[in-house]
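Using the numbering used here, the letters of the sequence shown map in sequence onto residues 511 to 595.
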Amino acid sequence: MRFDVTFRELDKKLIKVDFEHFQIVSDHAGVEYYKGDYTVTPKVEKQELATRQKFLTENVKIKEIPFFEVSNLEGGQTVFIGKEL
Numbered sequence: 511m512r513f514d515v516t517f518r519e520l521d522k523k524l525i526k527v528d529f530e531h532f533q534i535v536s537d538h539a540g541v542e543y544y545k546g547d548y549t550v551t552p553k554v555e556k557q558e559l560a561t562r563q564k565f566l567t568e569n570v571k572i573k574e575i576p577f578f579e580v581s582n583l584e585g586g587q588t589v590f591i592g593k594e595l
């Protein structure tokens with residue numbers, strides 16, 4: 511974000527402005543931004559998002575756990591949880 515400020519002089523006696531030091535005023539100055547996926551589908555194996563000490567620009571969205579139900583040879587149902595077919 512950047513602010514462009516313009517001053518116009520009304521009366522020299524009313525205000526005196528002098529800038530000696532300039533600083534960046536930001537909570538995010540010099541931080542590294544997260545560049546990975548922001549949407550995650552849970553899996554059977556371990557997953558990790560490399561977000562440590564990084565600035566995220568949006569919320570991480572975690573999808574529902576995959577759930578599949580199929581007929582099996584015995585006439586019943588086989589359920590797969592957390593694994594995509």
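Idealized CB from N, CA, C, for every residue including glycine.
Assignment of Tyr543 by DSSP, reduced to helix, strand and coil, places it in the strand class. Residues Glu579 of the same chain have their beta carbon placed closer than 6 Å to that of Val589, with the five preceding and five following residues left out of the count. Beyond the five residues adjoining it in sequence on each side, Phe517 comes within less than 8 Å, by CB distance, of Val527 in the same chain, given in chain order. With a contact defined as Cβ atoms closer than 8 Å, Tyr548 and Val570 qualify at about 6 Å. With distances taken between CA atoms, Gly592 lies nearest to Ile572 out of Asn582, Leu583, Ile572.
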